[in-house]
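A.B. asks: Residue numbers (this note's numbering): 195 to 567.
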């Protein structure tokens, strides 16, 4: 399908630069089902539990955002920014330089400096707020390039310190490029879901940023069940579509896990005739990647990379409804939303959201929509 089919006009001032004062108070556009036209209600995320039928299964993505932006200096001089993209293995030990500690993790990363980062470069990173005379909390060795063309780096720490702790001490929140400011202390809390558990994402599953513990309790009080998948959101979520036809777009891979407990929760929902409601496009992508084609509506346990591209014409088998933020024009995420709710209906709702001054993208408002067919 042509990517121009998912274009719309968005004034730059509607791109949210900060989150709503309270998670649940973000606006919610409810795109009603059962109509060929774009009929919708203007509500708040706080209304979400009351919009679901009793017994619905709500599935969330419990990935945790890594503070992936590391600011440091080369030992040879010059400032450097390293942006961690993907860990190459877990707790993999690598050779590190003398005096730099003995524990290391290998990562794929992006790098920015005044001169190209070459193999052998060593970058020292201080903990946030540390003085320049203090010793580095982390040392990064540039080893070369991976097959994907990204930097291959080894992160090491002083003896007795874990790499995970050092990343948390040194790293900055990886805000998306359309948020045109530096991160602050509030972002460390608000650019993370309240149920985040598994480290690995370099971008937040943003629909989940609206969910609170109180809202989850209200869902359960209505008889709704809550289950989780894990999909580590990668930089590819911001990858622009540079082809005219989405069929030619090289879809990025993301690591995901659909555990047996969620497989069983979906089976229970099907048994009681309840819908499966995905919180976020990442959750929807994980569930559809795990779809059990022999049992429509069900999933099988799944762990691995997914490159699933969902666009209009896709035959949904698992997801019945989707809570999602508003997405970039001409993007694969907007194509997925249109595949679920119908292109004309969704784009009509987007045009109305623009006219009604909704806030867009990661820190913006939300939409609830149902499978159109």
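Ideal Cβ placement from N, Cα and C applies to all residues, glycine included.
Can you check which of these residues, 368, 543, 246, 212, is closest to residue 235 by C-alpha distance?
C.D. replies: Out of 368, 543, 246, 212, 543 has the C-alpha closest to the C-alpha of residue 235.
A.B. asks: Can you tell me whether residue 501 is buried or exposed, with buried defined as 16 or more other CB within 10 angstroms of its CB?
C.D. replies: So residue 501 counts as exposed.
A.B. asks: Among all the DSSP beta bridges, which residues are the ones paired with residue 311?
C.D. replies: Answer by DSSP bridge pairing: none, since residue 311 is not bridged.
A.B. asks: Give the single residue among 200, 247, 205, 199 whose Cα lies nearest to the Cα of residue 554.
C.D. replies: With distances taken between Cα atoms, residue 554 lies closest to 205.
A.B. asks: From what residue to what residue does the beta strand (DSSP E) around residue 334 run?
C.D. replies: Here the beta strand (DSSP E) through residue 334 covers 332-339.
A.B. asks: Alpha carbon to alpha carbon, how far is residue 393 from residue 261?
C.D. replies: Looking at the two C-alpha atoms, the distance is approximately 10 Å.
A.B. asks: State the DSSP-derived secondary structure class of residue 286, mapped to helix, strand or coil.
C.D. replies: Summary for residue 286: the model assigns pLDDT 46, below 50, so the residue's position carries little reliability, and this model does not support an answer.
A.B. asks: Between the Cα of residue 565 and the Cα atoms of 386, 364, 225, which residue gives the shortest distance?
C.D. replies: When only C-alpha atoms are compared, the closest one is 225.
A.B. asks: Whole angstroms is fine: what's the gap from residue 300's alpha carbon to residue 530's?
C.D. replies: Those two C-alpha atoms are separated by around 33 Å.
A.B. asks: Take the Cβ of residue 212 as the centre, count every other Cβ of all protein chains shown within 10 Å, and call the residue buried at 16 or more, exposed below.
C.D. replies: So residue 212 ends up on the exposed side.
A.B. asks: Using a Cβ-Cβ distance under 8 Å, would residue 215 count as near chain D?
C.D. replies: The chain inventory of the structure shown lacks chain D, comprising one protein chain alone.
A.B. asks: Can you give me the C-alpha to C-alpha distance between residue 369 and residue 385, rounded to a whole angstrom?
C.D. replies: Each residue's alpha carbon lies about 8 Å from the other.
A.B. asks: Can you tell me whether residue 335 is buried or exposed, with buried defined as 16 or more other CB within 10 angstroms of its CB?
C.D. replies: The residue in question, residue 335, is buried, as its Cβ has 16 or more Cβ neighbours within 10 Å.
A.B. asks: Within this structure, are the beta carbons of residue 450 and residue 429 separated by less than 8 Å?
C.D. replies: It is not a contact, given that the beta carbons lie outside the stated cut-off.
A.B. asks: Taking 8 Å as the threshold (C-beta atoms), are residue 390 and residue 258 in contact?
C.D. replies: Cβ distance < 8 Å, so residue 258 and residue 390 count as in contact.
A.B. asks: Could you check what DSSP says for residue 145 in three-state terms: helix, strand or coil?
C.D. replies: As displayed, the chain neither begins before 195 nor continues past 567, which places residue 145 out of reach and without an answer.
A.B. asks: Give a yes or no on contact between the region 300-315 and the region 341-348, applying the rule of three or more CB pairs nearer than 8 Å.
C.D. replies: Contact between the region 300-315 and the region 341-348 is present, because at least three Cβ pairs lie under 8 Å.
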